[in-house]
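Residue numbers for the sequence shown follow the working numbering, beginning at 569 and rising by one.
Beta carbons are placed, not taken as given, at the ideal position from N, Cα and C, and that holds for glycine.
Values in this document were obtained by computation on a predicted structure and should not be read as measured data.
Data first, discussion second: the structure below is written as structure tokens.
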Amino acid sequence: MTAIMLASKKRRNPKPSPKAENWVEEACRKPVAFSQVREDALIDLHIADSVASKSGRQLDGVIVASGGCTVAALAAQGKFRHMQVVDINRSQIALTMLKLWLLENGESIQRMQILGHSPMSPRMRGVFLKQIMTTLQLPQDSFGDWSEVCLIGPDHCGRYEAVFAALRKEFKINGGTIELLLKGDNYTHQALERAFARVMNQKNLVAIFGEDATANKTMPFWQHFYNQTEMVFFFRSAARNPYLFQMLAGDFPANSIYPWLNAPSKEIDTDIEFTVDNISTHIAKQPSSSLDFVHLSNTLDWLSEDAASSLLQQAGRVLRPGGTVIIRQLNSSIDIRALPNDIAWDGALSRAMLIRDRSFFYRNLHIGFKPCKSGSRS
Ligand SMILES: C[S@@+](CC[C@H](N)C(=O)[O-])C[C@H]1O[C@@H](n2cnc3c(N)ncnc32)[C@H](O)[C@@H]1O
569 MTAIMLASKK RRNPKPSPKA ENWVEEACRK PVAFSQVRED ALIDLHIADS VASKSGRQLD
629 GVIVASGGCT VAALAAQGKF RHMQVVDINR SQIALTMLKL WLLENGESIQ RMQILGHSPM
689 SPRMRGVFLK QIMTTLQLPQ DSFGDWSEVC LIGPDHCGRY EAVFAALRKE FKINGGTIEL
749 LLKGDNYTHQ ALERAFARVM NQKNLVAIFG EDATANKTMP FWQHFYNQTE MVFFFRSAAR
809 NPYLFQMLAG DFPANSIYPW LNAPSKEIDT DIEFTVDNIS THIAKQPSSS LDFVHLSNTL
869 DWLSEDAASS LLQQAGRVLR PGGTVIIRQL NSSIDIRALP NDIAWDGALS RAMLIRDRSF
929 FYRNLHIGFK PCKSGSRS
């Protein structure tokens, strides 16, 4: 694993509005925006596997770091020769490095304890974290206030995690529990709707994530999240959904955790390069036809239509024929597949993956391929 941290401007955290609630003010001070990647990595593993077997060799790719869970899952899978891990936020890169270290050096139980998913005394968590972070040359404030990091673990220290913690608190005040939701109790489902409306209102989200993250919305974000959550209760295996439980219970259901957390400990043979940069700028610097895999998370949601279009054109340029791009779409109204680009969208595959997606937050997935000269995928 190689670590190249490029220089970047000092991070500027969002500023809470003058009358923000206490938890919003506290959330705004957190350096990590997203601790846990709430994207079902089984989808990314499936796509990487399919592209690798079609090309018959290991892959070269670029991926947005986010909280590092997808990067760790792909590193554990072993289909990549080289992976560029990029994020505009240095703390997201630091968290990804921590998770990769835990993949190589820890078993499932140690990963769970260090990250805050299984009990561990704050003192011991602090001792282990300090040692790992020194080894990785990460500043001790990478994940935020040290006593909080040791108390709850890095996987609960992000701003998104603070939003969901506030949601759980509000829901609990109204007598809500996930068990009652699973039983289909109508009153509890209404209490959940009120909790979403109160906690995830536009003012709070803009204060915590900034204007850009909530631009181009199809509907109020609280409504989007509430609707998507209700879909899981109606159409999916809610009782075993790790993403649902992390959001509404702050925990995992029995025997169901994020894919990388229980992957066997292994030496990572992928050459991993970390860069603190804007993904658009980074991809624009890459040579044409040099990558097999471009993973954009839901960064297009945060961009204007013009900026999203130019990022997609760059993604098409850097992909090798047969290479793939994966995009998640949360609540943005941009018609991604209609933007001008050289990518052939695979509507059937995207739909099939959306149906399998346990991270129910996304209203759409876009999986596309750079066509080969004949126009085919391989
Ligand atoms: C788009 S956010 C969404 C969170 C993600 N769906 C999850 O569940 O973790 C993922 C990551 O993208 C990063 N990000 C957003 N816009 C970016 C950009 N233009 N360039 C690089 N990173 C970006 C954020 O810092 C964050 O770590």
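Problem set entry | Cβ separation of I911 and A876, assumed to be a contact under 8 Å, to the nearest whole Å | Counting from 1 along the sequence shown, the entry for residue 911 is found at position 343. Counting from 1 along the sequence shown, the entry for residue 876 is found at position 308. Not really, about 12 Å apart at Cβ, beyond 8 Å.
For this session: Scan the segment 610-668 and note each continuous beta strand (DSSP E) run of 3 residues or more that stays entirely inside, going in chain order.
Result: List check, beta strand (DSSP E) in window: 627-632, 648-655.
Problem set entry | Distance, G744 Cα to K577 Cα | Residue mapping note: residue 577 aligns to position 9 of the sequence shown, counting from 1. Residue mapping note: residue 744 aligns to position 176 of the sequence shown, counting from 1. Here the model assigns K577 a pLDDT of 49, short of 50, so the residue's position is not dependable, and the following value carries that caveat. Near 43 Å, if we compare the C-alpha coordinates of G744 and K577.
Problem set entry | L666 to A640 span [Cα, whole Å] | As a first step, residue 666 must be located in the sequence shown, where it is residue number 98. As a first step, residue 640 must be located in the sequence shown, where it is residue number 72. Cα to Cα, the separation comes out at about 10 Å.
Exercise. So is the beta-carbon of Q814 under 7 Å away from any non-hydrogen atom of ligand 1?
Worked result: Here the question's residue 814 lines up with position 246 in the sequence shown. Not so, every heavy atom of ligand 1 lies at least 7 Å from the Cβ.
Exercise. For the alpha helix (DSSP H) that N772 lies in, which residues bound it at each end?
Worked result: Looking up residue 772 in the sequence shown gives position 204. Per DSSP, the continuous alpha helix (DSSP H) segment holding N772 begins and ends at 770-777.
Exercise. Can we count T867 as close to ligand 1, meaning its CB is less than 7 Å from some heavy atom?
Worked result: Counted from its first residue, the sequence shown places residue 867 at position 299. In this structure, the C-beta of T867 approaches ligand 1 to less than 7 Å from one of its heavy atoms.
Exercise. Assuming C725 contacts E716 under a Cβ cut-off of 8 Å, what Cβ separation, rounded to an integer in Å, is found between them?
Worked result: One-based indexing of the sequence shown puts residue 725 at position 157. One-based indexing of the sequence shown puts residue 716 at position 148. Indeed, because the Cβ distance is near 6 Å, the residues count as touching under 8 Å.
For this session: To the nearest angstrom, report how far apart F802 and V653 are at their CA atoms.
Result: Your numbering for residue 802 matches position 234 in the sequence shown. Your numbering for residue 653 matches position 85 in the sequence shown. Their Cα atoms are separated by approximately 36 Å.
Exercise. What whole-angstrom Cβ distance do L760 and Y728 have, given they're in contact under 8 Å?
Worked result: Along the sequence shown, read from residue 1 onward, the residue named residue 760 stands at position 192. Along the sequence shown, read from residue 1 onward, the residue named residue 728 stands at position 160. About 18 Å separates the two Cβ atoms, so there is no contact after all.
Problem set entry | Other residues of its chain near L668: CB distance less than 8 Å, five sequence neighbours each side excluded | Within the sequence shown, numbered from 1, the residue matching residue 668 stands at position 100. Hits under 8 Å: M569, G636, V639, A640, A643, I836, I840.
For this session: May I ask you to check if the CB of E607 is nearer than 7 Å to at least one heavy atom of ligand 1?
Result: For the purposes of this step, residue 607 is taken as residue 39 along the sequence shown, with counting starting at 1. Indeed, a heavy atom of ligand 1 lies less than 7 Å from the Cβ.
For this session: Report the residue from K853, S858, Q791, R905 whose alpha carbon sits nearest the alpha carbon of H650.
Result: In the sequence shown, residue 650 corresponds to position 82, counting from 1. Measuring from the Cα of H650, the nearest candidate turns out to be S858.
Exercise. For T838, which residues from the same chain have a beta carbon less than 6 Å from its beta carbon, with the 5 sequence-adjacent residues on both sides left out?
Worked result: Position 270 of the sequence shown, counting from 1, holds the residue named residue 838. So the qualifying residues of the chain are A643, F648, M651.
Exercise. If you follow the alpha helix (DSSP H) that I840 is part of, which residue opens it and which one closes it?
Worked result: Locating residue 840 in the sequence shown gives position 272, counting from the first residue. It is not in any alpha helix (DSSP H) - I840 instead sits in the beta strand (DSSP E) that spans 839-844.
Exercise. Buried or exposed: where does A575 fall if 16 or more other Cβ atoms within 10 Å of its Cβ makes it buried?
Worked result: Locating residue 575 in the sequence shown gives position 7, counting from the first residue. Because A575 sits at a pLDDT of 41, beneath the cut-off of 50, its placement in the model cannot be relied upon, and the point is left open.
Exercise. By DSSP, does R888 sit in helix, in strand, or in coil?
Worked result: Locating residue 888 in the sequence shown gives position 320, where the first residue counts as 1. Strand at R888.
For this session: Report yes if the C-beta distance between T867 and F937 is below 8 Å; otherwise report no.
Result: Within the sequence shown, the letter at position 299 stands for residue 867. Within the sequence shown, the letter at position 369 stands for residue 937. No, Cβ-Cβ distance for T867 and F937 is not below 8 Å.
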